[in-house]
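All residue numbers for the sequence shown refer to numbering that gives the first Met the number 0, where the first residue is 0 and numbers rise by one. Cβ coordinates follow ideal geometry from the N, Cα and C atoms, glycine included. Accompanying notes for the structure given below.
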Amino acid sequence: MSEALQTYFTRVGKYPLLTREQEIDLAKKIEAGDARAKNQMIQSNLRLAISIAKKYHGKGCSLEDLIQESNMGLIKAVDRFDWRKGFKFSTYAYWWIKQSVRTHVASQASDIKLPAHTRNLLWKMNEMIKEYEEEFGQRPSYDEVSEALGIPTSTLMSMIKCSTQLSLDANIRDRSGGAGRKIAEVVPDNEATSVDDLLDSVKIKGVMRSALKSLTSREENIIRLRFGIGEPAEQSNEQFSLSKAEVKEIRRIAK
């Protein structure tokens, strides 16, 4: 480790951590345009940025570059943090810092070229949406998706619109150069031509899971077949020995 990094780590270690009350107080001041409060919020969370950067060290990027990208993600988090939503700042910042570092690591991979780069962005977008939903219980906005990917919102929407023109059988290379996942595993539907389709898919799954809880095991399996989660819907009457009228009734309830 370089002497410069050692000095930086020592300096960062002297910045005090913030209590929840202090975070809220600083966030309010930042909203009012207080540059000093913004600087304090950043400094008090630099250790978090360093810890995330270290997790990605050894993936083709220097630790110095990773820390710089972590800090950029931290700054984005400070600028976008909404204390009214009840999240701890560190929870919110962790997500933004990680996305910033991952985007940088991906951009340095030698095998990322168009159209593979576009495919990689699609994969990252899909993963980002799922992680955001799991972390915050709500879907990210268009601006948050494009910000995390480091692309303009207009580019994001154009990318989704043209995604169906890509080969769904093509593989997305993983970090080790392996075949990785197929585009078909990233793009949820051939009809998905808008960002809304992708962002809503996570919420739809949650609604379906809740609805299925009210059914019996047998009914649940039939409904899963009805929506293509498993075998084709036409197989439900054969697999469960149902009459066409019974299948029709279950489908009516499912609507």
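N- and C-terminal bounds of the alpha helix (DSSP H) containing residue i
i: T9; result: E2 to G12
i: Y55; result: Run containing Y55: none; DSSP gives neither H nor E here.
i: N38; result: A34 to Q42
i: I150; result: Neither: I150 is in no alpha helix (DSSP H) and is coded neither H nor E.
i: Q137; result: Segment: none, Q137 is in no alpha helix (DSSP H) and carries neither H nor E.
i: R19; result: R19 to E30
i: R79; result: L62 to R79
Spatial distance of residue i from residue j (CA atoms)
i: R172; j: T18; result: In this prediction, R172 scores a pLDDT of 42, lower than 50, which makes its location untrustworthy; the coordinate-derived value is nonetheless stated afterwards. R172 and T18: Cα-Cα distance of roughly 42 Å.
i: A255; j: L62; result: For the chain, the structure presents residues 0 to 254; residue 255 sits outside this window and is missing.
i: L16; j: Y55; result: 24 Å
i: T102; j: L47; result: 18 Å
i: R83; j: Y91; result: 13 Å
i: A3; j: S157; result: 43 Å
i: V11; j: Q39; result: 12 Å
i: I111; j: A34; result: Only weak support exists for where I111 lies, its pLDDT of 39 falling under 50; the coordinates are left without a value.
i: I66; j: I29; result: 23 Å
i: K27; j: Q21; result: 10 Å
i: V185; j: G32; result: Here the model assigns V185 a pLDDT of 42, short of 50, so the residue's position is not dependable, and the following value carries that caveat. Each residue's Cα considered, the two are about 40 Å apart.
i: M273; j: I128; result: Residue 273 lies beyond the stretch modelled for the chain, which goes from 0 to 254, so this question has no answer here.
i: D81; j: S216; result: 42 Å
i: D64; j: N70; result: 10 Å
i: Y7; j: K13; result: 10 Å
i: S145; j: E68; result: 17 Å
i: K202; j: R138; result: Confidence at K202 is low in this model, with a pLDDT of 48, below 50, so its placement is unreliable and no value can be given for it.
i: L155; j: S89; result: 27 Å
i: Y141; j: E132; result: 14 Å
Residue closest to residue i, alpha-carbon to alpha-carbon, out of the options
i: I74; options: Q98, K53 and Y131; result: Q98
i: G85; options: G136, K28 and H56; result: G136
i: Q5; options: G72, F80 and I49; result: I49
i: K58; options: V100, S216 and Y141; result: V100
i: C60; options: S89, A105, E2 and Y131; result: A105
i: S43; options: V77, A31, K27 and E68; result: V77
Check whether residue i and residue j have beta carbons under 9 Å apart
i: W94; j: E134; result: yes
i: L121; j: I150; result: no
i: I23; j: I51; result: no
i: L45; j: K37; result: no
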